[in-house]
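Residue numbers (the numbering used here): 73 to 279.
For each residue, glycine too, the CB sits at the ideal point set by N, CA and C.
Remember, it's a predicted structure, so these values are computed and weren't measured experimentally.
Since the structure comes first, as structure tokens, the remarks are kept for the end.
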Ligand code: C5P
């Protein structure tokens with residue numbers, strides 16, 4: 073069973089996807105890390121995030137080990153990722169990795185991102201599109217930053233999220249959008265436990 077979970081930044085999709093994969097005992101891929109790793113490599117090698125040729129080379133050399141770098145998780149890395157994510161050849165170069173991963177688990181896999189239900193795994197058995205209000209998402213990110221000792225003002229976090237969402241939703245290739253057959257979940261008023269319970273309920277109702 074392949075489960076595709078898409079949604080904007082800080083919607084809660086990553087936390088619930090990871091938990092779900094553990095619960096089901098299947099592999100989990102956070103596909104945002106692929107774009108984050110490409111951005112990091114391009115910046116190191118070419119200094120230019122828009123350098124499509126360097127970005128494709130970076131995308132072709134992605135492997136599981138390069139995704140383990142904790143430095144990939146920060147907000148700046150996410151912003152840079154959304155710039156390389158607009159390059160069609162980068163998305164094409166990352167498709168095989170993601171599809172092979174989806175097929176790698178004997179009992180299925182969970183993948184989360186922006187285009188899993190629409191492009192990467194259009195035949196996924198379960199597709200969930202997770203959203204939350206801009207303010208709720210910004211508040212979560214703000215608290216995460218605080219927890220890491222980073223004093224980023226709430227207003228800045230909100231602006232950054234909105235800018236990244238606009239870039240992801242507005243791009244012509246594989247924009248952030250729900251698949252026509254996706255189940256929708258709004259986590260604005262849900263904590264992680266409630267989100268997990270809601271996802272289990274959606275899946276139970278579908279299978
Ligand atoms: O999910 P995360 O915030 O780590 O993603 C970082 C960026 O990578 C996103 O803002 C988006 O531009 C890009 N991305 C994408 N397609 C995916 C996953 C992430 O375009 N499937």
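Outcome for residue i when other beta-carbon atoms lying within 10 angstroms are tallied against a minimum of 16
| i | result |
| --- | --- |
| residue 94 | exposed |
| residue 152 | buried |
| residue 231 | exposed |
| residue 259 | buried |
| residue 120 | exposed |
| residue 222 | exposed |
| residue 264 | exposed |
| residue 279 | exposed |
| residue 168 | exposed |
| residue 133 | exposed |
| residue 269 | exposed |
Residue from the options with nearest C-alpha to residue i
| i | options | result |
| --- | --- | --- |
| residue 212 | 89, 229 and 223 | 229 |
| residue 87 | 243, 196 and 183 | 183 |
| residue 105 | 139, 130, 115 and 279 | 139 |
| residue 103 | 126, 96, 129 and 150 | 150 |
| residue 165 | 277, 128 and 238 | 128 |
Contact under 8 Å by Cβ, residue i with residue j
| i | j | result |
| --- | --- | --- |
| residue 189 | residue 254 | yes |
| residue 74 | residue 197 | yes |
| residue 118 | residue 209 | no |
| residue 234 | residue 206 | yes |
| residue 107 | residue 89 | no |
| residue 274 | residue 262 | no |
| residue 192 | residue 171 | yes |
| residue 177 | residue 114 | no |
Rounded distance between the beta-carbons of residue j and residue i, thought under 8 Å
| i | j | result |
| --- | --- | --- |
| residue 161 | residue 124 | 6 Å |
| residue 245 | residue 112 | Not quite, the Cβ-Cβ distance comes to about 21 Å (not below 8 Å), so this is no contact. |
| residue 156 | residue 79 | Between residue 79 and residue 156 the Cβ distance is about 20 Å, and since that is not below 8 Å, they are no contact. |
| residue 131 | residue 110 | 5 Å |
DSSP-derived helix/strand/coil call for residue i
| i | result |
| --- | --- |
| residue 283 | With the chain running from 73 to 279 in the structure shown, residue 283 is simply not present. |
| residue 202 | strand |
| residue 76 | strand |
| residue 232 | helix |
| residue 183 | strand |
| residue 255 | strand |
| residue 102 | strand |
| residue 122 | coil |
| residue 197 | coil |
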